[in-house]
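The next block holds one structure in the form of structure tokens; read it before the comments.
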Amino acid sequence: MGNLFKTFIDQWPVILTSVGLRLGGALALFFIGRWGATIIQQTVRQLMKKARIEASLVSFVSNLAYYGAIAFVALAIMKLLGIDTTSLVAILGAAGIAVGLALQGSLSNFSAGLLIVIFHPFRVGDWIEGAGVSGIVEEIQLFTTLVRTSDNRLVIIPNGKLTNDNVINYSSNGILRV
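Going by the working numbering, the sequence shown wraps up at 185, each residue one higher than the last.
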């Protein structure tokens, strides 16, 4: 017992220095990483606004970029502290695949919404016919598109249906014949 205590006392400065440097490095990495993630988020937001992308999509993608960067920083901090991250990354990857399969329909509508916002087959205010509905596009959201019919009904159409169906845009040439 006495030898163990003496060894601990003798090694105390080395242990304190090693742990202190790791904790200090982890704290520095945390603050620098948060700052970098904020810069990434602001840059993504500015680029998407400059490209005139819908506000809800700008917010979603910029937050996704921020939290993705934070996750990377968290993994780097764990690695710096000596925690093995290999199994954690494998578990997160498997969980991501499971969630992706569970949300397949929603992710399909989300990616279809991205395609609509990026390629503009129709815009807000256009008269379209698609997915069995004909009317004026009132709003294009991340997962759905809102269309107002001629009898003043608001129809919510999943974006996946609009990208997988033939869509006629009667307003595409600027002239609408009645």
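Each residue gets a CB set at the ideal place from its N, CA and C atoms; glycine is no exception.
Item                                                                                               : Value
CB of asparagine 166 within 8 Å of CB of glycine 137, strictly                                     : no
Element boundaries [alpha helix (DSSP H), containing leucine 114]                                  : 111-126
Start-to-end residues for the beta strand (DSSP E) that takes in leucine 88                        : Taken as a continuous stretch (DSSP letters only), leucine 88 belongs to no beta strand (DSSP E), as it is neither H nor E.
Bridge partners - isoleucine 163, DSSP secondary structure assignment                              : Leu153
Segment contact, 8 Å Cβ cut-off, at least three pairs: the stretch 88-104 with the stretch 127-141 : no
Reference isoleucine 143, options Asn10, Ile98 and Phe129, closest by Cα                           : Phe129
Cβ neighbour criterion (16 or more within 10 Å) applied to tyrosine 74                             : exposed
Three-way DSSP call (helix, strand, coil) for glycine 103 in this model                            : helix
N-terminal and C-terminal residue of the beta strand (DSSP E) that glycine 139 is part of          : Here glycine 139 belongs to no beta strand (DSSP E), and DSSP marks it neither H nor E.
Same chain, Cβ closer than 6 Å to alanine 72, five either side skipped, listed in chain order      : Ile47, Gln48 and Val51
Nearest-angstrom beta carbon gap, leucine 149 and glycine 120 [assumed within contact, 8 Å]        : 5 Å
The stretch 54-66 / the stretch 19-28 touching (three or more Cβ pairs under 8 Å)                  : no
Beta-carbon proximity of isoleucine 98 to leucine 169, cut-off 8 Å                                 : no
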